[in-house]
Amino acid sequence: MSNLRDLRNSEHLTLLPAAYQCENPLKGDRYKLERTKAVYRCKYNYKDKQDQQEKSRYVIVKIAERIAADTEINVLEKIKDCLKTDKNTELSRKFTAYIESGNLDGGDPRSRFKWLSIEEVHPPMSLSGFCEAIKDKKVPCPHAVPLVFFSQIHSALKFLHEQTGFAHRDLNDGNIILRFMEKNGDSATDATTSPIRIEFVIIDFGFSALIAAERNIMDDVEDLRHHTAELCDRVKEDLHQTKGWPEIVKHRGTEDWGKFRHALQGHYDPKTGKDEFNNLSLLGKLFKEFAETVIEVQREELETFIKAIWSLWQNHEIKMKPDVDEISEDSEETGKAGKAGATGGTGEPKYTGRPVID
């Protein structure tokens, strides 16, 4: 198979293992067709290792060019191995679980494309869609929201860098998605269920690289700060007015919020020629305790906020669509700069796919 044009109706889908029953790419959400990648939602039939019963669940099957596919497989396998040792269930929810992979074109190892299957996070609301929902629908956003995001992605990146030795390098707002959680910790997919928490999940490791250069780490930290700052811009209330905030520490809380915002904007040190806040360890040391305090104080407001976002999704008031059009092999657009052909300075495409709000 030389390209992914018309893959939606291609016979090549039958070359996947029989355990996978592929559906068409779903219009209106993050599963779509691109020139270099196709993503499908599939029903996956398997035998449970514990009770040996035949079961099925939905997973995501990605068909991508070999270089990107092999990179993503290597990173996901490394994450899986490190999590076995770490046994941190909180961290495990920051990534999608890798299942398996294989070659296309009859298993030919020279095939240009490979497939891999990963855990499904449903609904697939991206960070970009989340930000737009807050902005357009005017859902009151408490200070705890950007601090939850900062804390979770900070922990995930720290694990990724220190334990796996990889940097993501493409942490755009389409490669972070939301996992809605019920009280029992399962994904909240039932229309009658109100989630009480959200987990931010890092996906799409096709552009990752081993940490051989400081620049790779800095890119991830810059992306973390940028996205956190964007969420901070959605906060409307004055921290001084926060319900439940002890009177004696109100001023300190407002002061620390200002310091937090300043760190996200960065500070260039002329002596070192570097941004002093472009450092995961320093950011954690300075603001981890502050983030935990605000999240605890605003727990009620946070839960109300999450329920409001979930309600908008359930009522189809948040509509997702790809921001990359379907592009054929000979499209003139493939040579142009932009979202469909963004590069990371190497000339290689960055495998993006950002859902946005209608």
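When we follow the numbering used here, the leftmost residue of the sequence shown carries the number 6, and every step to the right adds one.
Ideal Cβ placement from N, Cα and C applies to all residues, glycine included.
Predicted model, so just to flag it, every value in this text is computed and none were measured.
{"Query": "Helix, strand or coil at Ser97 [DSSP, three-state]", "Result": "helix"}
{"Query": "Boundaries of the beta strand (DSSP E) in which Cys47 is found, first to last residue", "Result": "42 to 52"}
{"Query": "Which residues DSSP lists as bridging Val61, in chain order", "Result": "Reading off the sequence, residue 61 comes out as Ser, not Val. BP columns for Ser61 point to Asn50."}
{"Query": "Contacting residues, own chain, Cβ-Cβ under 7 Å from Leu162 (five flanking each side not counted)", "Result": "Asp225, Leu229, Leu285"}
{"Query": "Buried versus exposed call for Asp209 [16 or more other C-beta atoms within 10 Å across all chains shown]", "Result": "buried"}
{"Query": "Cβ neighbours of Phe205 in the same chain (closer than 6 Å, five flanking residues each side left out)", "Result": "Phe154, Gln157, Ile158, Ile181"}
{"Query": "beta-carbon Ile84 near the ligand NAD non-hydrogen atom, thresh 7 Å", "Result": "You won't find the ligand NAD in this model; it holds no ligand whatsoever."}
{"Query": "Where Leu287 falls: helix, strand or coil (DSSP)", "Result": "helix"}
{"Query": "Cβ shell of Ile216 (< 8 Å), same chain only, five flanking positions each side left out", "Result": "His166, Gly170, Phe171, Ala172, Ile222"}
{"Query": "Limits of the alpha helix (DSSP H) - the one that Leu317 falls within", "Result": "304 to 319"}
{"Query": "Identity of the residue in Gly263, Lys264, Phe282 nearest His272 by Cα", "Result": "Phe282"}
{"Query": "Own chain partners of Gly190 with C-beta closer than 8 Å, once the 5 adjacent residues on each side are dropped", "Result": "Low confidence applies to Gly190: its pLDDT is 44, below 50, so where it sits in the model is not reliable enough to give any reading."}
{"Query": "Candidates Lys140, Tyr49, Ala296, of which the one nearest Ser61 by Cα", "Result": "Tyr49"}
{"Query": "Inter-residue spacing [alpha-carbon to alpha-carbon] between Pro22 and Asp238", "Result": "46 Å"}
{"Query": "Straight-line Cα distance separating Asp75 from Lys42", "Result": "13 Å"}
{"Query": "CB contact flag (Tyr51, Cys27, <8 Å)", "Result": "no"}
{"Query": "For Ala172: DSSP bridge partner residues", "Result": "Ala214"}
{"Query": "Identity of the residue in Ser160, Tyr103, Ser213 nearest Asp86 by Cα", "Result": "Tyr103"}
{"Query": "Ser122 versus Glu260: straight-line alpha-carbon distance, rounded", "Result": "46 Å"}
{"Query": "Inter-residue spacing [alpha-carbon to alpha-carbon] between Ala218 and Ile84", "Result": "20 Å"}
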